[in-house]
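Line order of the protein sequences matches chains A and B. Read in this note's numbering, the first sequence has 246 at position 246, and its numbers run on one by one without any break. Read in this note's numbering, the second sequence has 414 at position 104, and its numbers run on one by one without any break. Every residue, glycine too, gets a C-beta built ideally from N, C-alpha and C. Worksheet for the structure shown next.
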Amino acid sequence: MRRLISPLLLAAVLGTAAFFISTRPEAYSALRGDHALEPTRARDVENGKTLFNAGGCASCHAAPDDESRTKLSGGKPLVTPFGIFNPPNISSDTKDGIGQWTEAQFIRAMREGVSPEGKHYYPAFPYTSYRGLSPDDVADLFAYLKTLPAAEGKAPVHDLAFPYSIRQGVGLWKLLYLSGTVIAPDAKQSLEWNQGHYLVETAGHCAECHSPRNALGAIIADKRFSGGPNPEGKGRAPNLTQDTTGLASWSEDDIVTLLKDGFTPDYDSVGGSMSEVVRNTASLSDQDRQAMAIYLKSLAPIAGEARAPK
Amino acid sequence: MIHRFVLAGSALLLATAALAASPIADRQAIMKSFGGATKPLAAMLKGEKPFSLDEVKKSLAVYAEGNAKFVTLFPAGSDKGEKTEASPKIWSDAAGFKAANEKFKTEIAAAEMAIKDEASFKATIPALLKNCGACHEAYRLKD
């Protein structure tokens, strides 16, 4: 009997140790990070503002009653199947916000989902998309955030179901699902396509809602952009690929109009979270919206789950 | 012959009653009519269609007519069923919802007065159309 217990005990001890080691943020950085964390040029605050709008930061982090959408003391709770996430204060407040963060800490948070204290963030903060941003762009965004007012207030802690409540587990999830690479331009494509690719896949984080996810909450890669359940409950985020259930019948202009004014080709006006998104995309330049449309029109058709008929 | 009229008449009555009994279908029909009315306005704004004052007036009349009925189509209990995308906020924040409808009403009336030519059309309509998204953001669930 004793002979059997010791190997089991040993395995359990080793297994636990392996879990704690492999789920440490340092393990992720060593195994998957691309270490492209150093900005290479001077800061461009205007570009930071564009990324702020493209990234929809205000949608989650601005105070719900703030019309200017620049008081970033934390927004409405995000109610998901995994539990309730409370978006934190990212204002320049030194106590409750990120006023004391260094640029390197911010870049790491955005690209690896790690807090300055070395804790994993949950991927409800879409660093799975933001990791594709170049360190220069993230540094510009940081410079822009610094220009926004400090706002007091700490968000309540997340209220998650087991096992999602074990934060360390996110480390394992990252090793499986978080690519550490910056989105690289495709030389075979036009400048506009590359610009759209970058905006849609990184800051815009469109795929986060418009894709189905597996049981662990990761996007199913070969179904990317084919539409997904509304993470906040009712309805579906539509298919964005060139499938007939998607945007096949939409022209580039139709997509630009939606991103600018919130109207579909039938002049239905989008509701709920997408109208929140349109507030962000409406602040982009025409050129950026056009680029996003060009990229979306290039997505290969993938059949999505049909939406409920109207 | 008379019988047939009576029959057709009662069938029509029944159909009307069925329609009136479904506020969800009614309010969705109004929203659809708004979409149809907005299409030519947007085409004129983008310069894809020549400006026509008559058509603008027609669209504004569709808005005004629909707007007048719209708020009455959310009786208690009509928050569920028939694929409604109405947000529970319509009932929990009834005053805010009513105010949003009133704001649209006022702006439709102002647009009817203000629009006389293409320049005044282009100066007025974009702000009027902002009502769609603003109200949907607050009172329509994600679609």
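The count of Cβ pairs closer than 8 Å, one atom from the segment 44 to 57 of chain A and one from the segment 263 to 274 of chain A, stays below three, leaving the stretches out of contact. One thing to note: A:N53 has its Cβ within 8 Å of the Cβ of A:S283. Residue pairing from DSSP places A:S269 in a beta bridge opposite A:F263. Annotation: A:P77 to A:Y177 spans about 25 Å, alpha carbon to alpha carbon. For A:T257, the number of other beta carbons within 10 angstroms of its own is at least 16, and it is reported as buried.
Residue state for A:D186 is assigned as coil, using DSSP reduced to three classes.
Residues of the segment 15 to 42 of chain A with a C-beta atom less than 8 Å from some C-beta of chain B do not occur. Not a single C-beta of chain B is nearer than 8 Å to the C-beta of A:S91. With 16 or more other Cβ atoms inside 10 Å of its own Cβ, A:D137 counts as buried.
Here A:D136 carries a helix assignment [DSSP, helix/strand/coil]. For A:E276, the C-beta contacts it makes with chain B under 7 Å involve E447, in order along the chain. For B:F431, there is no enclosing beta strand (DSSP E); the enclosing alpha helix (DSSP H) has its first and last residue at E428 to Y449.
Under DSSP, A:P229 shares a beta bridge with A:R236.
Close CB contacts of A:K297 within its chain, under the 6 Å cut and outside five residues either way in sequence, are with E252 (chain order). Among the residues of chain A, those whose CB is under 9 Å from the CB of B:E395 are K234, G235, G271 and G272, following chain order. Listed in chain order, the positions of the segment 336 to 368 of chain B with a beta carbon within less than 7 Å of a beta carbon of chain A are G345, T348, K349 and A352. Under the Cβ distance rule, A:F225 does not count among the residues neighbouring chain B, no pair being separated by less than 8 Å. For the pair A:G262 and A:V278, the CB atoms are nearer than the 8 Å cut-off. Annotated three-state conformation of A:R213 is strand, per DSSP. Less than 8 Å divides the Cβ of B:H446 from the Cβ of A:S275. Among the CB atoms of chain B, one or more fall inside 8 Å of the CB of A:D268.
In summary, B:E392 is exposed, with fewer than 16 beta-carbon neighbours lying within 10 Å of its beta-carbon over all protein chains present. Across the structure, A:K95 and A:S73 are spaced so that their CA atoms are roughly 11 Å apart.
Apart from the 5 residues on each side of it in sequence, A:A187 has no Cβ closer than 8 Å to any other Cβ in its chain. Straight across, the Cα-Cα distance linking A:L145 with A:M110 is about 13 Å. The criterion of a C-beta distance shorter than 8 Å is satisfied by A:I302 and A:F225. If you draw a straight line from the Cα of A:G227 to the Cα of B:E375, it comes to about 36 Å. A:F85 has A:L78 as its beta-bridge partners, per DSSP. Close partners of B:G391 in chain A (Cβ separation under 8 Å) are lacking, with about 13 Å as the shortest Cβ gap. Collapsing the DSSP output to three states places A:I98 in coil. With at least 16 other beta carbons inside 10 angstroms of its own, A:K71 counts as buried. By alpha-carbon distance to B:I400, the top candidate from B:F380, B:T348 and B:K342 is B:F380. Close CB contacts of A:R69 within its chain, under the 8 Å cut and outside five residues either way in sequence, are with A58, A62 and R279 (chain order). At least one C-beta of chain A is nearer than 8 Å to the C-beta of B:G443. For A:G262, the nearest CB of chain B lies under 8 Å from its own CB, placing it at the interface with that chain.
By the C-beta criterion, the segment 164 to 177 of chain A is judged to be in contact with the segment 122 to 137 of chain A, since at least 3 inter-stretch pairs fall below 8 Å.
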